[in-house]
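Undergrad:
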Amino acid sequence: MKLLLNLLLCLSFWGACTALPAKAKSRPDLVSNKLLMDIPIRVLLEEKSATTHLNWKLECPQAFFLFLPEKKQKKTAFQSSVAAITYQMGSFYINGARQNANHFFIVPLKGGISFRGNSFDGIFAVTHTNGICYLVNHLDIEEYVLSVIPHESVQGWPAEVQKAFCIGFRSYGISKVLERRALQEKNSKVVAYDIKNTNAHQV
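Take the sequence shown: its position 3, counted from the start at 1, is 1213 in this note's numbering, and no numbers get skipped.
#1: What residue range is occupied by the uninterrupted alpha helix (DSSP H) comprising Ser1381?
#2: Using 8 Å as the threshold, is the stretch 1333-1341 in touch with the stretch 1307-1317, meaning 3 or more CB pairs across them?
#3: So with Cβ pairs under 9 Å, would you call Gln1309 a contact of chain D?
#4: Please tell me whether Gln1272 and Leu1349 are closer than 9 Å, where the distance is taken between their beta carbons.
#5: In whole angstroms, what is the alpha-carbon distance linking Arg1380 and Lys1281?
#6: Taking the beta strand (DSSP E) that Ser1329 belongs to, which residues open and close that run?
#7: If we ignore side chains and look at the alpha-carbon of each, how far apart do Cys1376 and Met1299 end up?
#8: How far does the beta strand (DSSP E) with His1338 in it reach, from first residue to last?
#9: Applying the criterion that 16 or more other CB atoms from any shown protein chain within 10 Å of the CB defines a buried residue, is Lys1396 buried or exposed?
#10: When the Cα of Lys1399 is compared with those of Lys1406, Arg1390, Asn1407, which residue comes out closest?
This is the structure:
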């Protein structure tokens, strides 16, 4: 089942502005390893109109890499633990430096990424499409399940109940991934995320 899902995801990932499925492994460097996931899921953290003020502050334990998939997979190291992202006059800026790209990844050198007081596994994608700017957390489906469990279950409940929750969350997450990929294929438009980090999509 897992192999089938990987194959289905691989068929539509390249146009979906997402992290790479593990089967697409090419180079074993740090950034590539961070991008490799068995079954990636894209969780929307925030979306803003490109015409409004945007100021996203991301914090990493150490430095971070900027990964540009549309620029021949260019990687740029930032010797800073903070990525201050703004959008002005049709361009993204990171720590004041203009970025000539509408889609890129923020990859931490070590650990996770903090945003608005919360720590996240995986990597972050910043995307502008159709007049909207998106901040999206890309992580493996198993990391997603682990992040949801503490908020949806109660510590001390029987192990079988916890297992049932995990199965339910995993199945729901995968269904949203396939649903959004199908929507993108149908409309031939970029869909920046799979699931929202709100009650609109969380179970």
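Think of the CB as a built atom: it goes at the ideal place given N, C-alpha and C, for glycine as much as any other residue. Since we're looking at a predicted model, the values are computed, not measured.
TA: According to the data block:
#1: Within the sequence shown, residue 1381 is the residue found at index 171, counting from 1. Element bounds for Ser1381: 1369-1397.
#2: yes
#3: In summary, chain D is missing from the structure at hand, where a single protein chain is found.
#4: Position 62 of the sequence shown, counting from 1, holds the residue named residue 1272. Position 139 of the sequence shown, counting from 1, holds the residue named residue 1349. No. Outside cutoff.
#5: Counted from its first residue, the sequence shown places residue 1380 at position 170. Counted from its first residue, the sequence shown places residue 1281 at position 71. Approximately 33 Å between the Cα atoms of the pair.
#6: Mapped onto the sequence shown, residue 1329 falls at position 119. Here the beta strand (DSSP E) through Ser1329 covers 1328-1330.
#7: Here residue 1376 corresponds to residue number 166 of the sequence shown, with the count starting at 1. Here residue 1299 corresponds to residue number 89 of the sequence shown, with the count starting at 1. So the alpha carbons of these two residues sit roughly 44 Å apart.
#8: Locating residue 1338 in the sequence shown gives position 128, counting from the first residue. Taken as a continuous stretch (DSSP letters only), the beta strand (DSSP E) holding His1338 covers 1333-1339.
#9: On the sequence shown, residue 1396 is found 186 positions in, with the first residue counted as 1. Exposed, because fewer than 16 other Cβ atoms sit within 10 Å of the Cβ of Lys1396.
#10: As a working note, residue 1399 is residue 189 in the sequence shown. When only C-alpha atoms are compared, the closest one is Arg1390.
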